[in-house]
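Chemist: This structure is in structure tokens; I'll ask about it shortly.
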Amino acid sequence: MKAAPIVLVLLLATPVAAQPRIDIQSQLAPAATPFLGGVPTGTATREVVTITVFDAIVRALQHNLGVLLAEDGVGRARGVRWKMLSELLPNVNGHISETRQKINLQAFGFGSVGGPSFPGVPNIVGPFNVFDARVSVSQSVVDFAALNDARAETHHFEAARLMSQNARDFVINVAGTLYVHALGSRARAESARAQQQTAQALYEQALDLKQSGLVAGIEVLRAEVQLSTEIQRATVTANEFEKAKLQLARAIGLPLGQDFALDANLPGLPLSDLTIDSAIEQAYRTRPDYQAALERVRAAEATRRAAASSLLPSLRVNADYGDIGLSAGDAQVTYAVSGVVSIPIFQGGRARGKLLEADADLRQRRAEAEDLKASIYYEVRTAFLDLEATAQQLKTATRARDLAAQQLIQARDRFAAGVASNIEVVQAQEAVAIANEQFISAQYGYDLAKGGLLKGIGAGEAMLRQLMRGVR
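By my numbering, the letter at position 186 of the sequence shown is numbered 652, and the numbering carries on one by one without gaps.
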């Protein structure tokens, strides 16, 4: 029994476990890694800049690495599309040349060894000049393989454009998630500071009561240990808040070294009238990644048609027009027009190999599209479950926080009146800490669930424009 107070003191003296740091990558898709980076833009100032959630999202849309990479992907797809279109468009070239030469007619099969090529004409002719100014044109008239290749790249370009839009929608979710995560970290840090102040007041109260002879020294020691615990908790949460700010600053491309503050006002999201069925149907219509998957299916179908068309004849017209002569002054107009029909006869199985490859690619693209469709279905349903669960958790956590605060007040009054030890106060303090953590998790978890639902239905940028018009 005498050892019990000592054991209690040792238990309370055990350092409080650090609040586990939330890994933001675990809350985002595996492909989100590029979206956690950004290109720092601008010059840092000495002023503390206040950044709202809208400011963070707008900066992310401009400077986030994932968005920039997606835009570069559109540029590459546009270039490949133009290369394929060039096979169907006229190819026009011009050249001007002037050559001075001496030739041996015998080397071209004229005449015999030791004799002239023609009577009166020596074997060696020249030197003489040849001037040639000419424009040549080549145009594909019928080429089904090139036509389908161009159609395939058109679908690939559209898929890249849609994926760029999907990247913009996704970065809105990433920036919003990072911002809410930072707000939650700040709320934990503020709660820990408030608990530290409470522990400081209780420690001073225990000192006063001991000096008055009302309580034993163990009460002061217990209060001191609790104060140390709260100081450590405040230090950990403050550190986590600064890390969350750094993560947000990197993703939105803030200038290096720029200090900033957060605005706790988050916009309300109009989701009350949305049902699961309507949300799923909207997601199928508006999700850019799903539309991009369908475009890739169409591209694979066109590629297969191109592979099958490689066995068909093709027709090309070639023409040239220009002046040729010994010099520019005496050059004469000449031209040539030819039509070329290419008929594949035997290609060593290359056409069959391309067709088999195209079939496999088409099956893969269709499977990916169906998998993404199912993923959207489950994502939307999961978002609704999270939304309902976090809403209920927020109500419960709010009541629990209020109850814990009242219990702490009563425990402090009982301790001050000398009818209870501060063990009850310490327990009440821990209950307040747990209740505050549950409230913060539920509050910002509810905001994240709403953002997840918006991402699931593909309404990111459209909803952002609507909300920003409301703010203005």
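For glycine and all other residues, C-beta sits at the position ideal for the given N, C-alpha and C.
Computed from a predicted structure; not experimentally measured.
Would you kindly work out how many angstroms separate the C-alpha atoms of Glu696 and Thr518, rounded to a whole number?
Modeler: Position 230 of the sequence shown, counted from the first residue, corresponds to residue 696. Position 52 of the sequence shown, counted from the first residue, corresponds to residue 518. In this structure, the alpha-carbon of Glu696 lies about 30 Å from that of Thr518.
Chemist: Round the Cβ separation of Thr864 and Phe905 to the nearest angstrom and send it over; I've been treating them as touching at under 8 Å.
Modeler: In the sequence shown, counting from the first residue as 1, residue 864 sits at position 398. In the sequence shown, counting from the first residue as 1, residue 905 sits at position 439. Contact between Thr864 and Phe905 is confirmed by a C-beta separation of about 6 Å, below the 8 Å threshold.
Chemist: Give every residue of the same chain whose Cβ lies closer than 7 Å to the Cβ of Ile598, excluding the five residues on either side of it in the sequence, and list them in chain order.
Modeler: In the sequence shown, residue 598 corresponds to position 132, counting from 1. Checking the sequence shown, residue 598 turns out to be Asp, not Ile. Counting only Cβ-Cβ distances below 7 Å, and skipping sequence neighbours, we find Ser563, Gly788 and Ile790.
Chemist: Going by DSSP in three states, Ile650 sits in which element: helix, strand or coil?
Modeler: On the sequence shown, position 184 is the one that residue 650 refers to. In the sequence as presented, Ile is not what sits at residue 650; that position holds Gly. Looking at Gly650 - three-state DSSP - the assignment turns out to be helix.
Chemist: Is the segment 674-683 touching the segment 543-561 in the sense that three or more CB pairs, one from each, lie closer than 8 Å?
Modeler: Result no; under three Cβ-Cβ pairs closer than 8 Å.
Chemist: Check each candidate in Ala849, Leu914 and Asn705 and name the one with the smallest Cα separation from Leu644.
Modeler: Within the sequence shown, numbered from 1, the residue matching residue 644 stands at position 178. Comparing Cα-Cα distances from Leu644 to each of Ala849, Leu914 and Asn705, the minimum goes to Leu914.
Chemist: Counting C-beta neighbours from all protein chains within 10 Å, is the total for Gly683 16 or more, i.e. buried, or is it exposed?
Modeler: Numbered from 1 along the sequence shown, position 217 holds the residue referred to as residue 683. A residue is called buried when at least 16 other Cβ atoms come within 10 angstroms of its Cβ; Gly683 does not meet this threshold and is exposed.
Chemist: Alpha carbon to alpha carbon, how far is Gln671 from Lys709?
Modeler: Along the sequence shown, read from residue 1 onward, the residue named residue 671 stands at position 205. Along the sequence shown, read from residue 1 onward, the residue named residue 709 stands at position 243. Each residue's alpha carbon lies about 35 Å from the other.
Chemist: Around the Cβ of Pro754, are there at least 16 other Cβ atoms within 10 angstroms (buried) or fewer (exposed)?
Modeler: To locate residue 754, count along the sequence shown from 1; it is residue 288. Buried is the call here.
Chemist: In chain order, what are the residue ranges of uninterrupted beta strand (DSSP E) at least 3 long that sit wholly in the segment 573-634?
Modeler: 590-608
Chemist: How is Glu553 classed by DSSP in three states: helix, strand or coil?
Modeler: Stepping through the sequence shown from its first residue, residue 553 is reached at position 87. Of the three classes helix, strand and coil, the one that applies to Glu553 here is coil, per DSSP.
Chemist: Fully enclosed by the segment 776-823, which beta strand (DSSP E) runs are 3 residues long or longer?
Modeler: Qualifying beta strand (DSSP E) stretches, in chain order: 780-791 and 798-808.
Chemist: Have a look at Gln528 and Arg816 and give me their C-alpha separation to the nearest angstrom.
Modeler: Mapped onto the sequence shown, residue 528 falls at position 62. Mapped onto the sequence shown, residue 816 falls at position 350. Answer to the nearest angstrom: the Cα atoms are 46 Å apart.
Chemist: If you run the structure through DSSP and keep just helix, strand and coil, what is Gly504?
Modeler: Translated into positions along the sequence shown, residue 504 becomes position 38. The answer is strand: DSSP assigns Gly504 an E or B state.
Chemist: Of all the alpha helix (DSSP H) runs that stay within the bounds of the segment 886-924, which reach a length of 4 or more residues?
Modeler: 888-923
Chemist: Measure how close the beta-carbons of Gln572 and Asn595 come, nearest whole angstrom, since I'm counting them as under 8 Å.
Modeler: Position 106 of the sequence shown, counting from 1, holds the residue named residue 572. Position 129 of the sequence shown, counting from 1, holds the residue named residue 595. No, Gln572 and Asn595 are not in contact; Cβ-Cβ is about 22 Å, not under 8 Å.
Chemist: Grab me the residues of Gln830's own chain with a C-beta within less than 6 Å of its C-beta, minus the 5 sequence neighbours each way, in chain order.
Modeler: Within the sequence shown, the letter at position 364 stands for residue 830. Sequence-distant partners of Gln830 (beyond 5 residues in either direction) whose C-beta falls short of 6 Å from its own C-beta are missing from its chain.
Chemist: Starting from Ala526, follow the alpha helix (DSSP H) in both directions and report where the run begins and ends.
Modeler: Start at 1 with the first residue of the sequence shown, and residue 526 comes out as number 60. First-last of the alpha helix (DSSP H) with Ala526: Val519 to His529.
Chemist: Could you check what DSSP says for Ser939 in three-state terms: helix, strand or coil?
Modeler: Here the chain comprises residues numbered 467 to 938, so residue 939 is not present and cannot be evaluated.
Chemist: With a cut-off of 8 Å on the beta carbons, I'd call Ser808 and Pro779 a contact; round off their distance for me.
Modeler: Position 342 of the sequence shown holds residue 808. Position 313 of the sequence shown holds residue 779. Right, the Cβ-Cβ distance comes to about 6 Å (below 8 Å), so this counts as a contact.
Chemist: Straight-line CA distance for Gly541 to Ala758?
Modeler: On the sequence shown, residue 541 is found 75 positions in, with the first residue counted as 1. On the sequence shown, residue 758 is found 292 positions in, with the first residue counted as 1. The straight-line gap from Cα to Cα measures roughly 16 Å.
Chemist: In whole angstroms, what is the alpha-carbon distance linking Ser602 and Thr800?
Modeler: Position 136 of the sequence shown, counting from 1, holds the residue named residue 602. Position 334 of the sequence shown, counting from 1, holds the residue named residue 800. Straight-line measurement puts the Cα of Thr800 at about 12 Å from the Cα of Ser602.
Chemist: Express the C-alpha separation of Asp521 and Ser492 in angstroms, rounding to a whole number.
Modeler: Position 26 of the sequence shown, counted from the first residue, corresponds to residue 492. Position 55 of the sequence shown, counted from the first residue, corresponds to residue 521. In this prediction, Ser492 has a pLDDT of 49, which is less than 50 and means its spatial position is unreliable; what the coordinates show is noted afterwards. Going from the Cα of Ser492 to the Cα of Asp521 covers about 24 Å.
Chemist: Alpha carbon to alpha carbon, how far is Gly924 from Ala749? Give it in angstroms, no decimals.
Modeler: Numbered from 1 along the sequence shown, position 283 holds the residue referred to as residue 749. Numbered from 1 along the sequence shown, position 458 holds the residue referred to as residue 924. So the alpha carbons of these two residues sit roughly 6 Å apart.
Chemist: If you compare alpha carbons, which of Asn888, Ile900 and Arg847 is closest to Ala870?
Modeler: In the sequence shown, residue 870 corresponds to position 404, counting from 1. Ranked by how close their Cα comes to the Cα of Ala870, the residues Asn888, Ile900 and Arg847 have Ile900 in first place.
Chemist: So, for Ser775: in the same chain, excluding its five sequence neighbours on each side, which residues have a beta-carbon less than 7 Å away from its beta-carbon?
Modeler: Here residue 775 corresponds to residue number 309 of the sequence shown, with the count starting at 1. Same-chain partners within the cutoff: Phe610, Ala611 and Asn614.
Chemist: Return yes when the Cβ of Arg627 is within less than 8 Å of the Cβ of Glu927, no when it is not.
Modeler: Here residue 927 refers to the residue found at position 461 of the sequence shown. Here residue 627 refers to the residue found at position 161 of the sequence shown. No. Outside cutoff.
Chemist: Going straight from the alpha carbon of Asn731 to that of Ala715, what length do you get?
Modeler: One-based indexing of the sequence shown puts residue 731 at position 265. One-based indexing of the sequence shown puts residue 715 at position 249. Asn731 and Ala715: Cα-Cα distance of roughly 18 Å.
Chemist: Can you tell me whether DSSP reads Glu513 as helix, strand or coil?
Modeler: Mapped onto the sequence shown, residue 513 falls at position 47. Coil, per DSSP.
Chemist: Is Thr769 near Ala824, with beta carbons less than 8 Å apart?
Modeler: For the purposes of this step, residue 769 is identified with residue 303 of the sequence shown, where counting begins at 1. For the purposes of this step, residue 824 is identified with residue 358 of the sequence shown, where counting begins at 1. Taking 8 Å as the Cβ cut-off, Thr769 and Ala824 qualify as a contacting pair.
Chemist: Smallest Cα separation from Ala826: which of Gly545, Arg617 and Glu767?
Modeler: As a first step, residue 826 is located in the sequence shown; it is residue number 360 there, counting from the start. Checked all of Gly545, Arg617 and Glu767; the closest Cα to Ala826 is Glu767.
Chemist: Residue range of the alpha helix (DSSP H) that Ala730 falls in?
Modeler: If you number the sequence shown from 1, residue 730 lands on position 264. That residue, Ala730, is in no alpha helix (DSSP H); it is neither H nor E in DSSP.
Chemist: Could you give the first and the last residue of the continuous alpha helix (DSSP H) run that contains Gly683?
Modeler: Locating residue 683 in the sequence shown gives position 217, counting from the first residue. Note, Gly683: alpha helix (DSSP H), Gly683 to Ala717.
Chemist: What is the DSSP secondary structure of Arg753, reduced to helix, strand or coil?
Modeler: Your numbering for residue 753 matches position 287 in the sequence shown. Arg753: coil per DSSP, three-state reduction.
Chemist: According to DSSP, is Glu927 helix, strand or coil?
Modeler: The sequence position of residue 927 within the sequence shown is 461, counting from 1. Glu927 sits in a helix when the DSSP states are folded into three classes.
Chemist: Give me the residue from Gly592, Arg566 and Ile523 with the minimum Cα distance to Ser793.
Modeler: For the purposes of this step, residue 793 is taken as the residue at position 327 of the sequence shown. Answer by Cα proximity: Arg566.
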